[in-house]
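Below: one structure, written as structure tokens.
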Amino acid sequence: MKHLIPEFERWKLRYPAGFEASLTIPCLRRIQEDRGYIADSDITELVEYLGISRIQVDEAIAFYTQFTRQPLGRHHMQVCHNVSCSLRGAEGLIAHLGARLGISPGQTTPDGRFTLTTVECLASCGTAPMMMVGDAYHENLTPASVDALLEELAR
Amino acid sequence: MIEFFLDGVPMQAEEGQTVIQAARANGVDIPHFCWHPELSVPGNCRICMVEIEHDGTDPWFDISCNMPVTAGLKVLLNSELAKKIRKDTMAFITLNHPVDCGICNKSGECTLQDYHYEHNGAASLSRDPKTHATKFFPLSDRIMLDNERCIMCTLCVRFTHEVSKSHALGAVNRGDHTLIRPAEDANFNADQYSDNVIDLCPVGALLSRDLLDHSRVWYLQPTASVCPGCERGCSIDIWHRKHEWKLTALDPRMNASIDRVTPRENPAVNGLWVCNKARDLAHLFERPRAEQAMQRGAAVELSEGIAAAARLIATSRNPVALVSSWGSNEELAAFHAAFAQRLRAFVKVDHTPQPGEVLEDHLLIKPDKNPNRRGALALFPALPDDVAQALTPDTDLVLVWGEGFDGALIPDGARVIRLDAFAHDQNAGADVFIPVSLQTERSGHYTNFDGVVTAFSACFPLKPSIAHAESVFASIIAALWLTADAASVQLT
Amino acid sequence: MSDTVLTTAPLSGTKFFMNFPITATSHSLADYKARGGYQALEKALREMQPAEVTKEVSAAGLLGHGGAAFPAGRKWGVVKLGDGEPHYVCMNADEGEPGTFKDRWLLEHVPHLCLEGLIIGSYALQGRHAFIYIRGEFDLSHRRMADAIEEAYDAGLLGENILGTGYSCDVVLYRGAGSYVCGEASAMLASLEGKKGWPRNRPPRLTVKGLYQKPTVVNNVETLANVPVIISRGAVEFKKVGTPKSPGTQMISISGHIARPGVYEVEYGYPWQKFIYDDCGGMQGGATLKCIIPGGVSTKLLSAKEMEPLTLDHNSALAGGSQLGSGGMIVIADGTCMVRLAQVIQRFYHHESCGQCTPCREGMGWMERILNRIVAGGGRPEDIDRLYQISTANDGTTICSLGDSAGYACSAILDHYREEFEYFITHKRSMYDGRLVVDDPFSGTLATTGARA
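Written as structure tokens, this is what we have:
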């Protein structure tokens, strides 16, 4: 992760003195954005760079759902299955995706293209059912719009 | 001082005390798992909840470990509501706790067991299977973690952050998947105080791997002692089989062995903790013992050996004694009384730090790995680094008390008397060898680096062929009186 | 594709926020200034002392919009000005309460308004650094707010010597990483310190010992968005909107079986029925209303009948036996299986429990397991009492209110629809075929009846 340090140094300027430990979470996000997941070497280097305890980083990675120590599929399909989405067809959406991709939630397609997970409320209840693919929200989904999206992502 | 009430009884609290602290100071122990007088307050177990009597209608209840005492506060520990909350909390704690008591080492000294009987006592309300987690996770080479038994009180985690400062432990994942785990780079093995978490753990989640299934705790009893591992001399309890539970059918050595070592609270010396060296005292004490008096390797009766030693001392012109830094104050006083006028005595170092052993740290460990060099130095000078300055060529007798002294440093032609507890090859080379007792076989005191004197008591019997060093010194002096005219023996 | 704009139908009453047309640039600094933006900041910095700002916010009776409705001015007032300690204001943009999506609207469409409120709040509390904790999943909101912050710095509205007034303030935009419990103020601060989001016991209050043990005020996005409104109009004018006990407006997020889901801004005191049937188009697909969860999943549901006489404000909701909370309204039609709904809700709480304290850590999983077993056809008569018991045992006994909330949600469903649970247990199937949808967009492709994802 060392090539990211100049960026981290710029971030530090906005924080008050003594807030180095706070950079743990933003740095982990950036590391994961860069590599696709957080590697063991990233953790060792981050601990050294920030001067924090290793256990703080281990705990943070394990606690937050957006951090992963394993590479995921190229497209991470995160489908909300919380209340409002379920009231507007989330279960059907998940089944549809599962059928189209041939995997269950928690799995990745054998070709490594798609990972499917169910997630909790993404604050998109008014445009349900929906999912997040990577960072992007896809809302008001129908079978047609899902299939079109899958086609586009498969390219 | 602030006045408050606990179940109607007026009590006094100091400024800044929480209810649980004030209650304890007044002799009332409010049930607690995660609270500890010397660690930060996480308030996660919720068992210490109390009700507060007040004028309003809404029930007021909260954890007492984080509740400041205010003037006139009316705390109810045993109201119906407080008891119900405790019962419900126990039901949650035991919900997924495996009923391992039959095979769990903590049984008999387990807070969970005690509180279950005291505050709940009912069968589980759940008809669903208990959740499962890792059962034998090696937290370190020394400690085994059972995640199913863990109640997430985080005492172990906080200990490593706040006391031992190894920052080795933490809690990963979320919800009821949370697990105590060591930091992935941390070698919890490197934490010299790791085993304190075994005592801290209120359940059987953290257990000594060495002592796993070693003995049921109710067969054991503690005897107050002092750790001889370094000059701090931490107060400890040595646990060994109770007299009424002595084994008759198995190896009798099991009846006189150190079954475990735990810290004994001593605010002046070690507070609540000990380092792992104290835990491993069995390895130190239960090395092969010297059990037979010898003259040049040939076995003799103890009395014969003592008499021979007395003759050697009587006929020497330039005798030197090397005094043990493991001797108790009593032994040292006896040695002084017996020999101060007769021998040039120097305090030697019995134990030097082993390769890789921590020399000194921020907490307890001190560089001198002997328990009573200070007590010895109060009476005798230290052996100079250049040993030849003390053991001059004209030295004709060297009395070596204790271990750790290389016989090669003794001038040729000098006779050697050795007193030691442990079997060493060089014992057979001494002109006289007398086996002596260990601190577990007698009572006495050590003086630590800070001048604090601590006591240890005997917990094991002494074999008849082994002598207490104190009585050896007295016997030798008695023999000298008999072999010399009274005028040439100086009484001190 | 992801820059979806949430539009709303027009609705009577004063609007503080939803009073301009959304365009491709309406969130920019230029457009915001053209609408009168940052005049409140100038007024505060040039004409008012920090304590006066707090006084004005208190006088306006502004209530927190994160769910607890705690008077904002009172929270600010706890911080001791001039104590020599750093003070921090933290905008809670970790909107995660199921059913609530109004903060997202504010962050995407009026980021500068939120930022202005934060800076004014920071000025009132003598803060040198302010924080925005935005949930990790809010990518667009994050980009818009990040852009807004840079625009503000460039325009001298942030940084050293703002507008030449001598007041300096830096803003840190901090992204979460996926945890509902980090919306709880003390967990948020733990997260801001770079750690796992474990809430903390009080005392000490965060306004005494918060971020890195310094006095910290945590406010919801909407609460801070109200601050420039109060400073511009003045407390007296502000109080003319809404009701005496709930002054101002509430951003309502409405979803579920409603014809026009979305974000709406209502004056407090607006008739509930009118809102549902007129302004939001009534029920989806002509269904009849069964019940409403008024303020996010953590509030007690109200049956159609209970909701009828109520108005959209905190006191009316309380009198009706519930809470308005964060205004995240979930509408549920007749024919919905409340047992399956409870299952979805408990699955959420179990997933989000941080695991620190006993009742929640053990109770959430227990409740989900019981509900899963009932839905799978293995329910037992004592399960209903058990669910009540677990709810009660989590009420007031936990470190944070996640445990309480799960209990309220579940017990309210049981209070109203006990017969559905009894039916499920006795007949090993749902009274309503396990139905959660009114119009299932995916029913054509694959039928899902009584199945859970």
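So the protein lines, in turn, are chains A, B and C.
The first sequence finishes on residue 173 if you use this note's numbering, and the numbering steps up by one all the way, no holes.
The second sequence finishes on residue 1288 if you use this note's numbering, and the numbering steps up by one all the way, no holes.
The third sequence finishes on residue 458 if you use this note's numbering, and the numbering steps up by one all the way, no holes.
Ideal Cβ placement from N, Cα and C applies to all residues, glycine included.
Evaluate residue i with the Cβ neighbour count: other Cβ atoms within 10 Å of its Cβ, from every protein chain shown; 16 or more gives buried, anything less gives exposed.
i, result
"Pro55 of chain C", "buried"
"Gln1137 of chain B", "exposed"
"Tyr275 of chain C", "buried"
"Asn166 of chain C", "exposed"
"Tyr913 of chain B", "exposed"
"Gly69 of chain A", "exposed"
"Asn100 of chain A", "buried"
"Thr22 of chain C", "As written in the sequence, residue 22 of chain C is Phe, which differs from the Thr given in the question. Buried, since its Cβ has 16 or more Cβ neighbours within 10 Å."
"Asn24 of chain C", "exposed"
"Leu1046 of chain B", "exposed"
"Thr453 of chain C", "With a pLDDT of 40 at Thr453 of chain C, under the threshold of 50, the modelled position of that residue is not reliable, and the figure given next carries that caveat. By the neighbour-count rule (16 or more Cβ atoms within 10 Å), Thr453 of chain C is buried."
Please report how far the alpha carbon of residue i lies from the alpha carbon of residue j, in whole angstroms.
i, j, result
"Arg131 of chain A", "Lys279 of chain C", "48 Å"
"Ala39 of chain A", "Glu1082 of chain B", "47 Å"
"Phe955 of chain B", "Thr907 of chain B", "18 Å"
"Ser448 of chain C", "Ile843 of chain B", "49 Å"
"Pro44 of chain A", "Phe857 of chain B", "39 Å"
"Asn1114 of chain B", "Asn1066 of chain B", "42 Å"
"Ala1335 of chain B", "Trp1014 of chain B", "The structure shown does not extend to residue 1335 of chain B, since chain B is modelled only from 797 to 1288, so the question has no answer here."
"Ala264 of chain C", "Leu996 of chain B", "58 Å"
"Ala338 of chain C", "Ile430 of chain C", "22 Å"
"Asp896 of chain B", "Phe143 of chain C", "46 Å"
"Gly301 of chain C", "Thr136 of chain A", "20 Å"
"Met948 of chain B", "Ser435 of chain C", "37 Å"
"Val829 of chain B", "Lys433 of chain C", "The displayed chain sequence assigns Phe, not Val, to residue 829 of chain B. If you take the alpha carbons of Phe829 of chain B and Lys433 of chain C, they lie about 41 Å apart."
"Gly1123 of chain B", "Trp1197 of chain B", "9 Å"
"Ala1001 of chain B", "Asn943 of chain B", "6 Å"
"Ala182 of chain C", "Tyr82 of chain A", "5 Å"
"Val442 of chain C", "Asn399 of chain C", "30 Å"
"Ala789 of chain B", "Ala1224 of chain B", "Residue 789 of chain B is absent from the structure shown; chain B starts at 797 and stops at 1288."
"Gln351 of chain C", "Leu168 of chain C", "50 Å"
"Ser102 of chain A", "Ile23 of chain A", "41 Å"
"Leu16 of chain C", "Glu849 of chain B", "49 Å"
"Val349 of chain C", "Lys305 of chain C", "15 Å"
"Leu1195 of chain B", "Ala1078 of chain B", "28 Å"
"Glu980 of chain B", "Pro1059 of chain B", "28 Å"
"Ala1226 of chain B", "His1039 of chain B", "38 Å"
"Arg32 of chain A", "Val177 of chain C", "6 Å"
Excluding five sequence neighbours on each side, which residues of the same chain lie with their C-beta closer than 6 Å to the C-beta of residue i?
i, result
"Ser396 of chain C", "Gly412, Cys415, Ser416"
"Asn874 of chain B", "Asp803"
"Leu1003 of chain B", "Asn901, Met940"
"Phe801 of chain B", "Lys870"
By Cβ distance below 7 Å, which residues in the same chain neighbour residue i in space, the five residues on each side in sequence not counted?
i, result
"Asn1087 of chain B", "According to the sequence as given, residue 1087 of chain B is Glu; it is not Asn. Only Pro1231, Lys1259, Ser1261, Ile1262 meet the Cβ criterion."
"Val1228 of chain B", "Gln1091, Gly1101, Ala1104, Ala1105, Leu1108, Ile1213"
"Ala64 of chain C", "Ala240"
"Tyr217 of chain C", "Glu198"
"Glu367 of chain C", "none"
"Tyr43 of chain C", "Glu121, Leu162"
"Cys1026 of chain B", "Ile1161, Lys1162, Asp1164, Lys1165"
Below 8 Å on the Cβ atoms is my contact criterion, and I expect residue i with residue j to pass it. Report the Cβ-Cβ distance as a whole number of Å.
i, j, result
"Tyr92 of chain C", "Leu123 of chain C", "A small fix is needed here, since residue 92 of chain C is His in this sequence, not Tyr. Not confirmed; about 13 Å, so no contact."
"Ile994 of chain B", "Ile939 of chain B", "6 Å"
"Trp1035 of chain B", "Arg1056 of chain B", "5 Å"
"Leu1205 of chain B", "Leu1187 of chain B", "6 Å"
"Met271 of chain C", "Leu346 of chain C", "Note that residue 271 of chain C is Val in the sequence shown here, rather than Met. Val271 of chain C to Leu346 of chain C, Cβ: 25 Å. No contact."
Among the residues of its own chain, which have a CB less than 8 Å from the CB of residue i, if the five just before and after it don't count?
i, result
"His319 of chain C", "Leu68, Ala74, Lys250, Ser251, Tyr273, Gln328, Leu329"
"Phe1269 of chain B", "Glu1127, Ala1130, Phe1131, Ala1133, Ala1134, Phe1135"
"Arg1012 of chain B", "Ser903, Gly904"
Any chance the CB of residue i is under 8 Å from a heavy atom of the ligand SAM?
i, result
"Glu138 of chain A", "Of ligands this structure carries none, so the ligand SAM is not represented either."
Taking the runs of the beta strand (DSSP E) that are 3 residues or longer, which of them lie wholly in the region 1184-1221 of chain B? You should have 1193-1197, 1211-1216.
In the region 120-149 of chain A, which residue ranges form an unbroken beta strand (DSSP E) of at least 3 residues, counting only runs that do not cross its ends? As far as the region 120-149 of chain A is concerned, its whole beta strand (DSSP E) runs of at least 3 residues are 132-137.
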